[in-house]
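Before any comments, here is the structure.
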Amino acid sequence: MQQENTKTPYYKRERNTNDSVVEKRSIFLSVLIPLLNEEESLPELTNQIVTVLNENKILDYEIIFVDDGSKDGSFEVIRNLRKENNRIHCIRFRRNYGKSAALSVAFEQAKGKFVITMDADLQDDPKEIPALLAKIKEGYDLVSGWKKKRYDPISKTIPSKLFNAVTSMVSGVKLHDFNCGLKAYRRDVVKSLYVYGEMHRYLPALAFMDGYRVTEIPVTHHPRKYGHTKFGLSRFLYGFLDLLTVLVTAKYMKRPLHFFGLVGFILSFLGILVDGVLTAQWFMGNTNLSNRPLLWFGIAMIIVGVQFISLGLIAELIIKYNMVNNKNNNYSIIDRI
Ligand code: UDP
Ligand code: MG
Numbered sequence: 022m023q024q025e026n027t028k029t030p031y032y033k034r035e036r037n038t039n040d041s042v043v044e045k046r047s048i049f050l051s052v053l054i055p056l057l058n059e060e061e062s063l064p065e066l067t068n069q070i071v072t073v074l075n076e077n078k079i080l081d082y083e084i085i086f087v088d089d090g091s092k093d094g095s096f097e098v099i100r101n102l103r104k105e106n107n108r109i110h111c112i113r114f115r116r117n118y119g120k121s122a123a124l125s126v127a128f129e130q131a132k133g134k135f136v137i138t139m140d141a142d143l144q145d146d147p148k149e150i151p152a153l154l155a156k157i158k159e160g161y162d163l164v165s166g167w168k169k170k171r172y173d174p175i176s177k178t179i180p181s182k183l184f185n186a187v188t189s190m191v192s193g194v195k196l197h198d199f200n201c202g203l204k205a206y207r208r209d210v211v212k213s214l215y216v217y218g219e220m221h222r223y224l225p226a227l228a229f230m231d232g233y234r235v236t237e238i239p240v241t242h243h244p245r246k247y248g249h250t251k252f253g254l255s256r257f258l259y260g261f262l263d264l265l266t267v268l269v270t271a272k273y274m275k276r277p278l279h280f281f282g283l284v285g286f287i288l289s290f291l292g293i294l295v296d297g298v299l300t301a302q303w304f305m306g307n308t309n310l311s312n313r314p315l316l317w318f319g320i321a322m323i324i325v326g327v328q329f330i331s332l333g334l335i336a337e338l339i340i341k342y343n344m345v346n347n348k349n350n351n352y353s354i355i356d357r358i
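Read in the working numbering, the sequence shown has 66 at position 45, and its numbers run on one by one without any break.
Pasting the structure below:
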């Protein structure tokens, strides 16, 4: 029994809010902040957060910084901040793993019943925290900030509009801004989302596809005050590739053959159709098959199609193997009585 428990991933183990372990450790609010080389902003940011929380009588909180392999003095700055306020914590990565990794570890550590995430560069405004929490309490599981008036260069804002439109269409959740650092969550969401690679851009989409109630509110956005952005233009290429992953894993995780099999059948069918027509023509004596390049196209389609179907079958085997061995159902459960 003991062994089985340690095998269960953390995000499943702590998902149930009725769990006594969770109750004991639970606090009201966790503020999670991933950062990379942001030493100049940190004292100001911390001061602003603590002021807002005090003003709103939110005293049962923790602030968890995740230093994602900074090469500047960020960690020392946080160590000094902690001397004055022991609700401040920091997890320091040995090297830079990326914002998703930082968030993933922060999600794992968070003890709050509610969770706020924000960037460390002062572009997100802590004054929005009460409004985000109020919206959550209306009955949402995830409230995303919407940088309605945005202070970023045009090279970023225009591709970002396209990115948001496509993500909204593909995922089915109608948001203007998926990738705002400022978000509020109920604890269940952060314990069940699995963030890796560069998936932090899709958290609202992933949560929505898992059945959580997701919405957004407009939030104030500021220009970057110190340092520079940590993401280049490559973000958009990777961003769209990741969208494909989101779609396939969220929708077809439990039934990969439906995805690969469908593509495989379409390709094979196309190949059989093309080669069928050519063969019929050959039978009727119209042409010679040896000088019909389309024949090879048809053959290639059939082979690729069969490969897709086989891939789907292999994926099914892997899923089944994992299901049987880990008894890992991995479905998002809203309640138990
Ligand atoms: N960040 C991080 N790891 C990285 C890149 C960025 O923790 O590999 C942090 C960064 O310090 C900031 C937040 O993620 O707190 C958002 O990054 P940035 O401001 O560079 O993104 P932008 O606002 O330009 O989209
Ligand atoms: Mg920024």
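Glycine residues also receive a C-beta, built at the ideal position from the N, C-alpha and C atoms.
As the structure is a prediction and not an experimental result, all values here were calculated from the model.
Close Cβ partners of residue i (< 7 Å) along its chain, the five nearest in sequence each way excluded
i, result
"Lys92", "Asn58"
"Ile70", "Val52, Ile84 and Pro147"
"Val211", "Phe128, Ala131 and Val136"
"Thr308", "Gln302"
Contact belief for residue i with residue j at Cβ below 8 Å, rounded distance in angstroms
i, j, result
"Ile157", "Arg207", "6 Å"
"Asp383", "Gly297", "With the chain covering 22 to 358 only, the question about residue 383 has no answer from this structure."
"Ile137", "Val194", "That belief does not hold up - the Cβ atoms of Ile137 and Val194 are roughly 20 Å apart, past 8 Å."
"Val216", "Ser121", "5 Å"
"Ser95", "Leu124", "The Cβ separation is near 17 Å, so there is no contact."
Local Cβ density within 10 Å of residue i, reported as buried at 16 or more and exposed below that
i, result
"Asp356", "exposed"
"Pro398", "An answer regarding residue 398 cannot be provided, because it is not within the stretch 22 to 358 covered by the chain."
"Val345", "exposed"
"Phe290", "exposed"
"Ile320", "exposed"
"Gly119", "buried"
"Phe86", "buried"
Closest Cα partner of residue i within the set the options
i, options, result
"Lys169", "Tyr215, Val211 and Glu237", "Glu237"
"Pro277", "Asn309, Lys251 and Ile330", "Ile330"
"Ile48", "Arg100, Cys201 and Lys134", "Lys134"
"Pro64", "Ser125, Asn106, Ala301 and Ile79", "Asn106"
"Phe257", "Ser213, Leu183 and His249", "Leu183"
"Glu60", "Val269, Gly248 and Gly306", "Gly248"
"Glu337", "Ser213, Lys275, Leu56 and Asn347", "Lys275"
"Leu203", "Gly94, Glu149, Lys251 and Ile293", "Glu149"
"Gly260", "Gly292, Trp317 and Ser181", "Ser181"
"Pro314", "Leu299, Tyr161 and Gly306", "Leu299"
"Ala155", "Leu124, Leu196 and Ala205", "Ala205"
Cutoff 6 Å; reference residue i; Cβ partners in own chain excluding five residues on either side
i, result
"Lys246", "Leu143"
"Asn200", "Arg222"
"Asp146", "Thr241"
"Asp151", "Note that residue 151 corresponds to Pro in the displayed sequence, not to Asp. The answer, listed in chain order, is Asn77."
"Phe114", "Asp89 and Gly90"
"Asp231", "Ser353"
"Ile339", "none"
"Val235", "Leu163, Val194, Pro225, Ala228 and Phe229"
Same chain only: Cβ atoms within 8 Å of residue i, ignoring 5 sequence neighbours per side
i, result
"Ser176", "Leu254"
"Arg103", "Ile109, His110 and Cys111"
"Lys132", "Arg46, Ser47, Ile48, Ser51 and Glu83"
"Lys272", "Met230 and Phe280"
"Trp167", "Leu196, His197, Asp198, Cys201, Glu237, Ile238, Pro239 and Val240"
"Leu265", "none"
Do the region 285 to 294 and the region 318 to 332 make contact, defined as three or more Cβ pairs closer than 8 Å?
-> The region 285 to 294 vs the region 318 to 332: in contact.
Decide if the region 187 to 205 is in contact with the region 213 to 229; the criterion is three or more beta carbon pairs, one per stretch, under 8 Å apart.
-> The region 213 to 229 and the region 187 to 205 touch, with three or more beta-carbon pairs separated by less than 8 Å.
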